[in-house]
Amino acid sequence: MEKTSQNKNNSSVPARPGSGRGASRPGGPYRGGPRRDGRGPRPERVKPEYDHKAIDIRRVARVVSGGRRFSFSVVLIAGNKKGKVGVGIGKAGDTSLAISKAMANAIKNMIIVPMTKTNSIAHEVEAKFGSSRVMIKPAPSHGLVAGSALRIVLELAGLHDINAKVLSKSKNKLNLSRATILALKKLSKTN
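Using the numbering used here, you'd call the opening residue of the sequence shown number 86 and step up by one each time.
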């Protein structure tokens, strides 16, 4: 059904879009307007210093006398995409608290990655953590070719033109990300 408005001649004319209630307010008819309580405009959201990505969220249990007590374990990778990256673990009763603990832990464990001018690495490097083995090597003009947790660590570190490979059969995301961090620690800055 089309909206109509009555004018002086009593003829039905279709209503103009945006001519209804609140159309004259900033933001249009459906956006609301300025605050009416005198607090002024909302402050701009501050972009966080580090980007982060949770790679593993698990519900874990510990056995107590009354049964099982459940909590959440989070593995999170944080980085600024300019050469700083870290892996953190957090555990809490709910996921949001576990994520904030993991973020604090990742920032505490951050490393600075030596990069070339093209945001790549200078030489091939291998590392092992637990039973996870990874290999990272420069691959000019190939972009970031990596899978699993390796890709996330390298993306958040801000690296490009890299070929990374998991050499072990281990699929443990925490150990893979820690092996990647160890490999990045072994790099020397040349080129």
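For each residue, glycine too, the CB sits at the ideal point set by N, CA and C. Being a predicted model, the structure only gives us computed values, none of them experimental.
query, result
"Go ahead and pull the three-state DSSP assignment for V145.", "strand"
"Got a sec? Which residues, its chain only, sit under 7 Å from N190 by beta carbon, not counting five neighbours each side?", "G173, I174 and G175"
"Just tell me which of K213, K202, G178 and L272 has its CA closest to the CA of L252.", "K213"
"According to DSSP, simplified to helix, strand and coil, what is L269?", "helix"
"Would you give the residue range spanned by the alpha helix (DSSP H) that L182 belongs to?", "T180 to K193"
"By DSSP, does I206 sit in helix, in strand, or in coil?", "coil"
"Rounded to a whole number of angstroms, what is the C-alpha to C-alpha distance between S216 and A264?", "9 Å"
"Quick one: Cα of K167 to Cα of G152, how far?", "47 Å"
"What's the C-alpha gap between A268 and D122?", "55 Å"
"What's the C-alpha gap between I184 and L235?", "20 Å"
"Below 8 Å on the Cβ atoms is my contact criterion, and I expect L161 with A187 to pass it. Report the Cβ-Cβ distance as a whole number of Å.", "4 Å"
"Taking the beta strand (DSSP E) that A224 falls in, what are its first and last residues?", "Element bounds for A224: n/a, residue is neither H nor E."
"Report the CB separation of G171 from M200 in whole angstroms; it is logged as a contact under 8 Å.", "With a Cβ gap of about 16 Å, G171 and M200 do not count as contacting."
"With a threshold of 8 Å on Cβ separation, who are the neighbours of S156 within its own chain once the five nearest residues in sequence on each side are excluded?", "R144, V145, A146, R147, K176, A177, G178 and A183"
"Less than 8 Å between the CB atoms is what I'm expecting for L241 and K138, so what's the real figure, rounded?", "7 Å"
"Go to V251, then tell me how far its beta strand (DSSP E) extends in each direction, as first and last residue.", "I247 to V251"
"Would you kindly report the start and end of the unbroken alpha helix (DSSP H) that includes S158?", "Premise fails: S158 lies in the beta strand (DSSP E), G152 to G164, not in any alpha helix (DSSP H)."
"Can you name the start and end residues of the alpha helix (DSSP H) that A231 belongs to?", "Looking at the DSSP string, A231 is not in any alpha helix (DSSP H), and its letter there is neither H nor E."
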